[in-house]
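What follows is a set of notes on a single structure, which appears directly below.
In the numbering used here, the protein residues as written are 1 to 465.
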């Protein structure tokens, strides 16, 4: 212990395991660890961090025999009930993978052991925290065709963990002389996410002020051609929507109304026949139902889950989907070409910009094509048909064909907005579309798009991943 650091403290599971397979060592100057219980496959406890936050930790070393691991799954299920929604991190060598895809070479197949692990995984409601580095964490260290790689080591967090430490990540290092990859977990401090792009939220159309706001903005005089007029009015409308709805997060409003209901109902206990209190309670409950519906719509839109319908109070499910999506998509660090790591937000942004400028900013190659040799050509009748103007109902149909949840451009206005406000904005939208097709003019930014970074592989570490 003195080699690790003076004054460090340690707990092992020697008392229940002859080999003492698990050691937990910590520096009490920065963290205080309190053991809850120890078994031959885990040490469970809670850590009090330097800032006073409390997190629950379970250090795992699963048995090689899946039948013996059943005791581990039982204690994890028991522990999850005790911890409830508090932040909980589970890490170590589980000695089993979740899927055949987590094995390379050998004879990967879905086994009974995997099924039991996944059942436990689902019952305790955990998810792998974001990982960088090596995906396969164990190898049998054999040569050639006999080499087998598996993902046996992982870091799991419950929903309490993901809500509080959503920017944390695990790095799986090279194994060195070991057959397992060492793991380090970083509790990254959330950095500034910068300005988030505007996104039209569908529940806004249910607000009584919405159509009046659109009508007021649309009635204002704008100068320019039909396309410039529409762009200007949408920009002005965006400003108004932000101003009115910036503090209308339904999740926050729901909690506020719940507290108000609780206060009113406490007062009713002392004045059970007061008509004013009873009326106020009734009004607040109606508000709660309305805001809960808005919250469900809001979270469903953010989660981008299309297969589940509204109306079944799926708020908790949608909230978890949003949290999980943010967790997967957040980029904490990137590996540079020289192998070093960019950890700050500024460095990560610089790598991304340089990467895309490298191939999006390159000059395209030109090739000359001759129409000679093409026997099939458009007839005059077909040319006339192809060049004819669009009818009003065709343009309207194109707007109705837009995905209600997605905006075709970075302005943030989706198909739901155009459907809801078509009686007000439709005439000028049609005029703008006609102008666009009749004139060789494209305003700057009209054809812009947003680049989304989607990982192509597990534990993506480089910008090319």
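Idealized CB from N, CA, C, for every residue including glycine.
Discussion item. Below 8 Å on the Cβ atoms is my contact criterion, and I expect residue 257 with residue 281 to pass it. Report the Cβ-Cβ distance as a whole number of Å.
Written reply: For the purposes of this step, residue 257 is identified with residue 257 of the chain shown, where counting begins at 1. For the purposes of this step, residue 281 is identified with residue 281 of the chain shown, where counting begins at 1. Actually they do not touch by this definition, with Cβ atoms about 11 Å apart.
Practice prompt. Could you check if residue 153 is buried or exposed, using at least 16 other CB atoms within 10 Å of its CB as the buried criterion?
Written response: Here residue 153 corresponds to residue number 153 of the chain shown, with the count starting at 1. Classification for residue 153: buried.
Worksheet item: The alpha helix (DSSP H) spanning residue 64 covers which residue range?
Response: As a first step, residue 64 is located in the chain shown; it is residue number 64 there, counting from the start. Per DSSP, residue 64 belongs to no alpha helix (DSSP H) and is neither H nor E.
Worksheet item: By how many angstroms is the C-alpha of residue 254 removed from the C-alpha of residue 164?
Response: Within the chain shown, numbered from 1, the residue matching residue 164 stands at position 164. Within the chain shown, numbered from 1, the residue matching residue 254 stands at position 254. Roughly 20 Å separates the two Cα atoms.
Practice prompt. Would you kindly report the start and end of the unbroken alpha helix (DSSP H) that includes residue 128?
Written response: One-based indexing of the chain shown puts residue 128 at position 128. Taken as a continuous stretch (DSSP letters only), residue 128 belongs to no alpha helix (DSSP H), being part of the beta strand (DSSP E) at 126-128.
Worksheet item: Between the beta-carbon of residue 335 and the beta-carbon of residue 462, is there less than 8 Å?
Response: Indexing the chain shown from 1 puts residue 335 at position 335. Indexing the chain shown from 1 puts residue 462 at position 462. Yes, they are a contact pair.
Worksheet entry | residue 318 to residue 233 span [Cα, whole Å] | Taking the first residue of the chain shown as 1, we reach residue 318 at position 318. Taking the first residue of the chain shown as 1, we reach residue 233 at position 233. With a pLDDT of 47 at residue 318, under the threshold of 50, the modelled position of that residue is not reliable, and no figure is offered here.
Fill in: residue 36 and residue 45 closer than 8 Å at C-beta
Counted from its first residue, the chain shown places residue 36 at position 36. Counted from its first residue, the chain shown places residue 45 at position 45. Cβ distance < 8 Å, so residue 36 and residue 45 count as in contact.
Worksheet item: Looking at C-beta atoms only, is the number of pairs between the region 415-425 and the region 200-212 that lie closer than 8 Å three or more?
Response: yes
Discussion item. Could you compute how far the alpha carbon of residue 217 sits from the alpha carbon of residue 388?
Written reply: For this step, residue 217 is matched to residue 217 along the chain shown. For this step, residue 388 is matched to residue 388 along the chain shown. Going by the C-alpha atoms only, they are around 33 Å apart.
Worksheet entry | Simplified DSSP state of residue 221, which is helix, strand or coil | What you label residue 221 is simply residue 221 of the chain shown in a count that begins at 1. Three-state DSSP puts residue 221 in coil, outside helix and strand.
Worksheet item: What is the residue span of the alpha helix (DSSP H) that residue 229 lies within?
Response: The sequence position of residue 229 within the chain shown is 229, counting from 1. Unbroken alpha helix (DSSP H) run through residue 229: 226-245.
Item to complete: Give the DSSP-derived three-state secondary structure of residue 53 in the structure shown.
Response: Start at 1 with the first residue of the chain shown, and residue 53 comes out as number 53. Coil.
Worksheet item: residue 186 bridges to which residues according to DSSP?
Response: The sequence position of residue 186 within the chain shown is 186, counting from 1. DSSP output for residue 186 lists 169 as bridge partner(s).
Worksheet item: How many whole angstroms separate the CB atoms of residue 90 and residue 126, which I take to be in contact at a CB cut-off of 8 Å?
Response: By 1-based counting over the chain shown, the position of residue 90 is 90. By 1-based counting over the chain shown, the position of residue 126 is 126. Yes, residue 90 and residue 126 are in contact; Cβ-Cβ is about 6 Å, under 8 Å.
Discussion item. Residue 92 and residue 60 - do their beta-carbons sit closer together than 8 Å?
Written reply: In the chain shown, the residue the question calls residue 60 occupies position 60. In the chain shown, the residue the question calls residue 92 occupies position 92. Yes, they are a contact pair.
Discussion item. If you measure between the beta carbons of residue 203 and residue 238, is that distance less than 8 Å?
Written reply: In the chain shown, the residue the question calls residue 203 occupies position 203. In the chain shown, the residue the question calls residue 238 occupies position 238. Not closer than 8 Å, so no.
Worksheet entry | Where residue 96 sits in the DSSP three-state scheme | Indexing the chain shown from 1 puts residue 96 at position 96. Of the three classes helix, strand and coil, the one that applies to residue 96 here is coil, per DSSP.
Worksheet item: Taking DSSP as the reference, what is the three-state secondary structure of residue 311?
Response: Stepping through the chain shown from its first residue, residue 311 is reached at position 311. Only weak support exists for where residue 311 lies, its pLDDT of 47 falling under 50; the value from the coordinates is given anyway. Three-state DSSP puts residue 311 in coil, outside helix and strand.
Worksheet item: Closer than 8 Å, CB to CB, is residue 99 near chain B or not?
Response: Included in the structure is just one protein chain, with no chain B present.
Worksheet item: According to the Cβ coordinates, are residue 148 and residue 106 closer than 8 Å?
Response: For the purposes of this step, residue 148 is identified with residue 148 of the chain shown, where counting begins at 1. For the purposes of this step, residue 106 is identified with residue 106 of the chain shown, where counting begins at 1. Closer than 8 Å, so yes.
Worksheet item: Does the separation of the CB atoms of residue 137 and residue 180 fall below 8 Å?
Response: Position 137 of the chain shown holds residue 137. Position 180 of the chain shown holds residue 180. Cβ atoms of residue 137 and residue 180: closer than 8 Å.
Discussion item. Based on DSSP bridge pairs, tell me the residues matched to residue 10.
Written reply: Translated into the one-based positions of the chain shown, residue 10 becomes position 10. For residue 10, which the question treats as bridged, DSSP gives the partners 25.
Fill in: C-beta atoms of residue 150 and residue 103 nearer than 8 Å
As a position in the chain shown, residue 150 is number 150, starting the count at 1. As a position in the chain shown, residue 103 is number 103, starting the count at 1. Against a cut-off of 8 Å, the Cβ pair of residue 103 and residue 150 comes out as a contact.
Worksheet entry | Environment of residue 375 [buried if 16+ CB atoms lie within 10 Å] | The residue labelled residue 375 in the question sits at position 375 within the chain shown. Answer is exposed; the Cβ neighbour count stays below 16.
Worksheet item: Under a Cβ-count criterion, where at least 16 other Cβ atoms within 10 Å of its own Cβ denotes burial, should residue 274 be classed as buried or exposed?
Response: Here residue 274 refers to the residue found at position 274 of the chain shown. Looking at its Cβ environment, which holds fewer than 16 other Cβ atoms inside 10 Å, residue 274 is exposed.
Worksheet item: Roughly how far, in whole angstroms, is the beta-carbon of residue 413 from the beta-carbon of residue 407, given that I think they are within contact range, below 8 Å?
Response: Taking the first residue of the chain shown as 1, we reach residue 413 at position 413. Taking the first residue of the chain shown as 1, we reach residue 407 at position 407. Indeed, because the Cβ distance is near 6 Å, the residues count as touching under 8 Å.
Discussion item. Taking the beta carbon of residue 400 as the centre, do at least 16 other beta carbons fall within 10 Å, making it buried, or is it exposed?
Written reply: Here the question's residue 400 lines up with position 400 in the chain shown. Flag for residue 400 reads exposed.
Worksheet item: Roughly how many angstroms lie between the CA atoms of residue 287 and residue 215, to the nearest whole one?
Response: Taking the chain shown and counting its residues from 1, one reaches residue 287 at position 287. Taking the chain shown and counting its residues from 1, one reaches residue 215 at position 215. Distance between the alpha carbons of residue 287 and residue 215: 26 Å.
Discussion item. Using a Cβ-Cβ cutoff of less than 8 Å, which residues in the same chain neighbour residue 438 once the five nearest sequence positions on both sides are dropped?
Written reply: One-based indexing of the chain shown puts residue 438 at position 438. If we look at residue 438 and ignore the five residues flanking it on each side, its Cβ neighbours are 389.
Item to complete: Report buried or exposed for residue 272, applying the criterion of at least 16 other Cβ atoms within 10 angstroms of its Cβ.
Response: Translated into positions along the chain shown, residue 272 becomes position 272. Answer is exposed; the Cβ neighbour count stays below 16.
Worksheet item: Is residue 270 helix, strand or coil by DSSP?
Response: On the chain shown, residue 270 is found 270 positions in, with the first residue counted as 1. Here residue 270 sits in helix by DSSP.
Item to complete: Could you give the DSSP three-state label for residue 414: helix, strand or coil?
Response: As a working note, residue 414 is residue 414 in the chain shown. DSSP places residue 414 in coil when its eight states are reduced to three.
Worksheet item: Taking the alpha-carbon positions, what's the residue 157 to residue 57 distance?
Response: The residue labelled residue 157 in the question sits at position 157 within the chain shown. The residue labelled residue 57 in the question sits at position 57 within the chain shown. Computed Cα separation, rounded: 10 Å.
Practice prompt. Would you kindly check if the distance between the Cβ of residue 160 and the Cβ of residue 73 is under 8 Å?
Written response: In the chain shown, counting from the first residue as 1, residue 73 sits at position 73. In the chain shown, counting from the first residue as 1, residue 160 sits at position 160. It is not a contact, given that the beta carbons lie outside the stated cut-off.
Worksheet entry | Chain-order list of residues whose beta-carbon lies under 7 Å from that of residue 40 (same chain, five-residue window excluded) | Looking up residue 40 in the chain shown gives position 40. Contacts found: 13, 16 and 17.
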